[in-house]
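> Structure incoming, see below.
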Amino acid sequence: MKTTLLSSIVLALCALGTLGAPVKEPTSDSIQPDGGFASSCTGTSVTSSGVLTSTCGNGSGGTTVTAIGLNGCIANASGALVPRTGGGFVASCSGLRLSSTTLFANCGNGNGGTVPASIDLNQVLTNRFGVLTCP
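Count the sequence shown with mature numbering (1 follows the signal peptide of the UniProt record, and there is no 0) and you get residues -20 to -1, 1 to 115, in order.
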């Protein structure tokens, strides 16, 4: 009886000890909250049709080559590039180029002219376990 009671106490203490155990958070190479893809992705490039390709951490210590169509993430709002799901900016912007995390383009301003425009993709794109996503 003494052994059974002692075993029960030890089991109860072990169970209580795990209640405060820290939960393993995703690693920084796996997911960034609402943007911040650049901290876990490298070798980023963009095509003239707005497809961005990058090598991103997958959360398991490896990397994944991932691509995302920026046309589904960004809109042209009278010559300004803004984050917007299903944005469709490629129809009215040209000359896409990337410098660090900033996308540059020449975009229609709604008055028949074009203006230089830019947007920081690090504020738009998120790495979710090796897959780039946007709002």
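Yeah, the Cβ is synthetic: ideal placement off N, Cα and C, and Gly gets one too.
1) Give me the residue from V104, V62, A47 with the minimum Cα distance to S25.
2) Assign F17 to one of three DSSP states: helix, strand, or coil.
3) Taking L50 as part of the beta strand (DSSP E), name the residues at either end of that continuous run.
4) Just to confirm before moving on: does the CB-CB distance between L32 and L61 stay below 7 Å?
5) Following the continuous beta strand (DSSP E) through V31, name the residue where it begins and the one where it ends.
6) Give every residue of the same chain whose Cβ lies closer than 8 Å to the Cβ of L112, excluding the five residues on either side of it in the sequence, and list them in chain order.
7) Give me the residue from D100, S79, S72 with the minimum Cα distance to G88.
8) Which whole-angstrom value describes the C-beta separation of G52 and T65, a residue pair presumed to lie in contact below a C-beta threshold of 8 Å?
9) Please name the residue, chosen from Q103, G92, G93, that lies closest to L83 on a Cα-to-Cα basis.
10) Per DSSP, what kind of secondary structure is L101 in: helix, strand or coil?
11) For G67, does the count of other Cβ atoms within 10 angstroms reach 16, so buried, or fall short, so exposed?
12) Taking the alpha-carbon positions, what's the residue 146 to D100 distance?
If we stick to the structure as given:
1) Here the closest residue by C-alpha is A47.
2) Looking at F17 - three-state DSSP - the assignment turns out to be helix.
3) Element bounds for L50: n/a, residue is neither H nor E.
4) Contact: no.
5) Start and end: 31 to 37.
6) Counting only Cβ-Cβ distances below 8 Å, and skipping sequence neighbours, we find F17, C21, L32, S34, C36, T46, A47, I48, L105, T106.
7) Answer by Cα proximity: S72.
8) Confirmed, about 7 Å.
9) Ranking the options by Cα distance to L83, first place goes to Q103.
10) Looking at L101 - three-state DSSP - the assignment turns out to be helix.
11) That one is buried.
12) No statement about residue 146 is possible, as the shown extent of the chain runs from -20 to 115 and does not include it.
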